[in-house]
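Protein chains in written order, with my numbering: chain A, 145 to 470; chain B, 15 to 309. For reference, the structure is listed below as structure tokens.
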């Protein structure tokens, strides 16, 4: 990042026309418009202060408090956090193998959802680029991105229905199974089923991003490699993957944010069940604090979400700051 | 046959052979893409087909068998719209989504203008704060905002959800639009200023008209974001008569989990507007979504 001179204000006083700055940093229109600046900036700033900044501070403070009725009644230190991470098997259960609980489910999502979306996105982008109907394929795969997670949940509620007259999956499997499989009712299948639905919904996003990235690879490089006798596999892993590694990392970060914030799909499709088997952090936060009324504990879960997002926040700021140099 | 024609024929033959070989080489690709298209279309098409099937048929045969019977009806839509209050929910979704799009659109444009072309102390530091606020999850705001709204009665109207959607849309909107506004030609704005245009005048006559693509992308993104939102509505709309479609459909599922005909029709009504936007404004839509990937 190029350091912006903190004394910009003084420079205005010297010369009312913004000079002495590289063109990439557009500057002041003039100092005499200070009141107008306030008009432009005031309303959004006030809204963000009341509805974003203040709640964040409040929630962090509340997470160290008993928090009955959302009020600051009694300081309890890290009790909520300790309770959540060690005493609540529905949130984190490291005692069983494999581990269970909402946090663990988020880990499953982070690993499988993110890698599958990127992998399939790349596969679709590469395959589609070889045919004339590329845009149609991309549109078809992208379609689920337009619809609500609630609608996506209903769609997959049909696909996963145990009744083989409703459930497409069980209808396909009916020759080899006696009875319909309850994909969402079986504790050992439910997370895989949910992740599959999530992947289906997000592959189009990855496809569009990665397709644009692939198009930016100079075709001479690929041709040269093929002329030199590289196999398609070598071209893919030796050239294409390294050259799209930056878009992939940006994509991975975006998908990880999706995972931390994941709620609608779980809430509509399984409501965290069977039992608490498919809960995720955002689900626990809503479930325990809004219908559950455990505000102190809910605040602690919200803070855990925030903490998980802070590295991503830092990454975004760094990316933003470095992008200003170019 | 002349000597000249021979190589020509050979050349043609070679290209034909090449074409066949190329096609055969690509056959696995066509098959793979066919399977991919099927996997991505079948679930949605199944829902659409089911939504037009009579309730009695849905229970007995799969939607994929209905193409032979060819018995379709609009009754499910009628029932879900009137009997299940989906029409009211549709209107509610509109009433939530339109202000929750327009207010942040105006406010974010104004703030982005200030961040790109006006001068004030700590401008860049404040902008980094906005970028940081992008990552704040809405969950962090639930408890304090519920307490804040409780005495005002805003939870029983749309006030609470308008304000919350607006505030949480602002960081992204400011970020996106500011990054677009700074690319506007500096000379143009300087010239307007020298000609005596006011700050507001420059915003209205130059910055906004030149930024229509970016503003439209943001507007469409935000509209669909709100349209598709369930979580905020669960928390900040406490009056059952004001619930949007997402909440109404979730209710339908938890109350009548096996009334497939209602679920299918309801879900399709929810999807109709986003699909319409997707097909008519695909360019802006994809742009907005790609830019929104930081949200």
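The beta carbon of each residue, even a glycine, is placed where N, CA and C say it ideally should be.
Please determine, among the options, the residue with the shortest C-alpha to C-alpha distance to residue i.
{"i": "residue 197 of chain A", "options": "B:241, B:199, B:144 and B:227", "result": "B:144"}
{"i": "residue 226 of chain A", "options": "A:209, A:217 and A:240", "result": "A:209"}
{"i": "residue 47 of chain B", "options": "A:212, A:345 and A:285", "result": "A:285"}
{"i": "residue 462 of chain A", "options": "B:142, B:91, B:167 and B:109", "result": "B:142"}
{"i": "residue 246 of chain B", "options": "B:72, B:107 and B:74", "result": "B:107"}
{"i": "residue 426 of chain A", "options": "A:381, A:262 and A:249", "result": "A:249"}
{"i": "residue 344 of chain A", "options": "A:309, A:382, A:361 and A:300", "result": "A:300"}
{"i": "residue 270 of chain A", "options": "A:383, A:191 and A:401", "result": "A:383"}
{"i": "residue 392 of chain A", "options": "A:408, A:357, A:376 and A:362", "result": "A:357"}
{"i": "residue 293 of chain A", "options": "B:175, B:55 and B:259", "result": "B:259"}
{"i": "residue 432 of chain A", "options": "A:421, A:360 and A:445", "result": "A:445"}
{"i": "residue 225 of chain B", "options": "B:244, B:250 and B:198", "result": "B:198"}
{"i": "residue 464 of chain A", "options": "B:217, B:243 and B:139", "result": "B:139"}
{"i": "residue 363 of chain A", "options": "A:332, A:280 and A:273", "result": "A:273"}
Hey, residue i and residue j are a contact pair by Cβ (cut 8 angstroms); roughly how many whole angstroms apart?
{"i": "residue 229 of chain B", "j": "residue 80 of chain B", "result": "44 angstroms between Cβ atoms; not a contact."}
{"i": "residue 298 of chain B", "j": "residue 231 of chain B", "result": "5 angstroms"}
{"i": "residue 440 of chain A", "j": "residue 221 of chain A", "result": "About 11 angstroms separates the two Cβ atoms, so there is no contact after all."}
{"i": "residue 428 of chain A", "j": "residue 246 of chain A", "result": "5 angstroms"}
{"i": "residue 64 of chain B", "j": "residue 72 of chain B", "result": "6 angstroms"}
Distance, Cα to Cα, residue i vs residue j?
{"i": "residue 234 of chain A", "j": "residue 419 of chain A", "result": "9 angstroms"}
{"i": "residue 32 of chain B", "j": "residue 349 of chain A", "result": "35 angstroms"}
{"i": "residue 411 of chain A", "j": "residue 368 of chain A", "result": "51 angstroms"}
{"i": "residue 170 of chain B", "j": "residue 256 of chain B", "result": "8 angstroms"}
{"i": "residue 317 of chain A", "j": "residue 76 of chain B", "result": "13 angstroms"}
{"i": "residue 370 of chain A", "j": "residue 58 of chain B", "result": "39 angstroms"}
{"i": "residue 166 of chain B", "j": "residue 200 of chain A", "result": "21 angstroms"}
{"i": "residue 254 of chain A", "j": "residue 83 of chain B", "result": "44 angstroms"}
{"i": "residue 168 of chain A", "j": "residue 146 of chain B", "result": "Since pLDDT at residue 168 of chain A reaches only 42, below the 50 mark, its modelled position is unreliable, and the value read off the structure follows with that caveat. Cα-Cα distance, rounded: 22 angstroms."}
{"i": "residue 61 of chain B", "j": "residue 44 of chain B", "result": "26 angstroms"}
{"i": "residue 173 of chain B", "j": "residue 275 of chain A", "result": "50 angstroms"}
{"i": "residue 329 of chain A", "j": "residue 417 of chain A", "result": "8 angstroms"}
{"i": "residue 174 of chain A", "j": "residue 211 of chain B", "result": "Confidence at residue 174 of chain A is low in this model, with a pLDDT of 49, below 50, so the placement of that residue should be treated as unreliable; the coordinate-derived value is given next. Each residue's Cα considered, the two are about 12 angstroms apart."}
{"i": "residue 387 of chain A", "j": "residue 126 of chain B", "result": "33 angstroms"}
{"i": "residue 34 of chain B", "j": "residue 42 of chain B", "result": "14 angstroms"}
{"i": "residue 203 of chain A", "j": "residue 208 of chain B", "result": "48 angstroms"}
{"i": "residue 291 of chain B", "j": "residue 215 of chain B", "result": "32 angstroms"}
{"i": "residue 188 of chain A", "j": "residue 181 of chain B", "result": "8 angstroms"}
{"i": "residue 437 of chain A", "j": "residue 268 of chain B", "result": "21 angstroms"}
{"i": "residue 447 of chain A", "j": "residue 272 of chain B", "result": "38 angstroms"}
{"i": "residue 326 of chain A", "j": "residue 193 of chain B", "result": "48 angstroms"}
{"i": "residue 424 of chain A", "j": "residue 390 of chain A", "result": "29 angstroms"}
{"i": "residue 137 of chain B", "j": "residue 196 of chain B", "result": "14 angstroms"}
{"i": "residue 171 of chain A", "j": "residue 233 of chain B", "result": "Residue placement at residue 171 of chain A is poorly supported in this model, since its pLDDT is 47, which falls under 50; the coordinates are not used for a value here."}
{"i": "residue 381 of chain A", "j": "residue 117 of chain B", "result": "47 angstroms"}
{"i": "residue 289 of chain A", "j": "residue 337 of chain A", "result": "18 angstroms"}
{"i": "residue 359 of chain A", "j": "residue 240 of chain A", "result": "47 angstroms"}
{"i": "residue 407 of chain A", "j": "residue 185 of chain A", "result": "33 angstroms"}
{"i": "residue 214 of chain A", "j": "residue 434 of chain A", "result": "11 angstroms"}
{"i": "residue 218 of chain B", "j": "residue 191 of chain B", "result": "15 angstroms"}
{"i": "residue 244 of chain A", "j": "residue 229 of chain A", "result": "12 angstroms"}
{"i": "residue 97 of chain B", "j": "residue 78 of chain B", "result": "27 angstroms"}
{"i": "residue 309 of chain A", "j": "residue 454 of chain A", "result": "46 angstroms"}
If we call anything under 8 angstroms between Cβ atoms a contact, is residue i one with residue j?
{"i": "residue 404 of chain A", "j": "residue 354 of chain A", "result": "no"}
{"i": "residue 320 of chain A", "j": "residue 312 of chain A", "result": "no"}
{"i": "residue 252 of chain B", "j": "residue 119 of chain B", "result": "no"}
{"i": "residue 100 of chain B", "j": "residue 254 of chain B", "result": "no"}
{"i": "residue 216 of chain A", "j": "residue 339 of chain A", "result": "no"}
{"i": "residue 132 of chain B", "j": "residue 184 of chain B", "result": "no"}
{"i": "residue 220 of chain B", "j": "residue 203 of chain B", "result": "yes"}
{"i": "residue 287 of chain B", "j": "residue 241 of chain B", "result": "yes"}
{"i": "residue 264 of chain A", "j": "residue 409 of chain A", "result": "no"}
{"i": "residue 104 of chain B", "j": "residue 86 of chain B", "result": "no"}
{"i": "residue 261 of chain B", "j": "residue 248 of chain B", "result": "yes"}
{"i": "residue 347 of chain A", "j": "residue 366 of chain A", "result": "no"}
{"i": "residue 400 of chain A", "j": "residue 456 of chain A", "result": "yes"}
{"i": "residue 402 of chain A", "j": "residue 149 of chain B", "result": "no"}
{"i": "residue 289 of chain B", "j": "residue 291 of chain A", "result": "yes"}
{"i": "residue 314 of chain A", "j": "residue 252 of chain A", "result": "no"}
The ligand COA heavy atoms versus the CB of residue i: any closer than 7 angstroms?
{"i": "residue 287 of chain B", "result": "Ligands displayed in this structure: none; no statement on the ligand COA is therefore possible."}
Residue range of the alpha helix (DSSP H) that residue i falls in?
{"i": "residue 265 of chain A", "result": "258 to 272"}
{"i": "residue 340 of chain A", "result": "334 to 359"}
{"i": "residue 248 of chain A", "result": "246 to 252"}
{"i": "residue 153 of chain B", "result": "153 to 163"}
{"i": "residue 279 of chain B", "result": "274 to 294"}
{"i": "residue 210 of chain A", "result": "Where residue 210 of chain A is concerned, there is no enclosing alpha helix (DSSP H), given that its DSSP letter is neither H nor E."}
{"i": "residue 237 of chain B", "result": "226 to 242"}
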